[in-house]
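Novice: Before we start, here is the structure in question, set down as structure tokens.
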Amino acid sequence: MNYTILQQNIMLQFETDFAQRAFLWASDRPNADRYLYEAEAYAHEVEALVAILEPMLRLAAEPFSDRWGDEKHEDLLRFNLKRHAHLRFPDAKTDWL
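In my numbering, the protein residues as written are 9 to 105.
Listed below in structure tokens is the structure:
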């Protein structure tokens, strides 16, 4: 894909794929600010959420590992991230997941 130099430079700082995709989604919104400060802040929030939720969901799933596969873990993580996107940008028509 063809990203602007600004988008490429900002994306280099994110460690997770979740944060990069969240940043691209937030920067492509019609009312995104010119210098993408809001999109960058949102991607940092997503990165922090994933860092907190991932271990917490793994620990919660440990007793149910025989019945609860990785797909349920991913579903719960995606649900929380979609909910966060909806709360942060209530006017958005789509989500980035």
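Quick reminder that beta carbons are idealized off the backbone N, C-alpha and C, glycines included.
For T12, collect the residues of the same chain with a Cβ closer than 6 Å to its Cβ; drop the 5 residues on either side in sequence, then sort them by chain order.
Specialist: Position 4 of the sequence shown, counting from 1, holds the residue named residue 12. For T12, where only same-chain residues beyond five positions count, there are no Cβ hits under 6 Å.
Novice: Under three-state DSSP, which class holds Y50?
Specialist: In the sequence shown, residue 50 corresponds to position 42, counting from 1. The answer is helix: DSSP assigns Y50 an H, G or I state.
Novice: With burial defined as no fewer than 16 other Cβ atoms inside 10 Å of the residue's Cβ, what is the status of A49: buried or exposed?
Specialist: Numbered from 1 along the sequence shown, position 41 holds the residue referred to as residue 49. Answer is exposed; the Cβ neighbour count stays below 16.
Novice: Are at least three pairs of beta-carbons, each pair with one atom in the segment 28 to 48 and one in the segment 96 to 104, less than 8 Å apart?
Specialist: The segment 28 to 48 vs the segment 96 to 104: in contact.
Novice: Which class does W104 belong to by DSSP, given the choice of helix, strand or coil?
Specialist: The residue given as residue 104 occupies position 96 in the sequence shown. Correct three-state label for W104: coil.
Novice: State the DSSP-derived secondary structure class of R42, mapped to helix, strand or coil.
Specialist: As a working note, residue 42 is residue 34 in the sequence shown. Residue state, collapsed to three classes: coil.
Novice: Among P63, A51, A68 and V58, whose alpha-carbon lies nearest the alpha-carbon of R96?
Specialist: Against the sequence shown, residue 96 aligns to sequence position 88. The option with the nearest alpha carbon to R96 is A51.
Novice: Could you give the first and the last residue of the continuous alpha helix (DSSP H) run that contains F31?
Specialist: For this step, residue 31 is matched to residue 23 along the sequence shown. That run of the alpha helix (DSSP H) goes D25 to S35.
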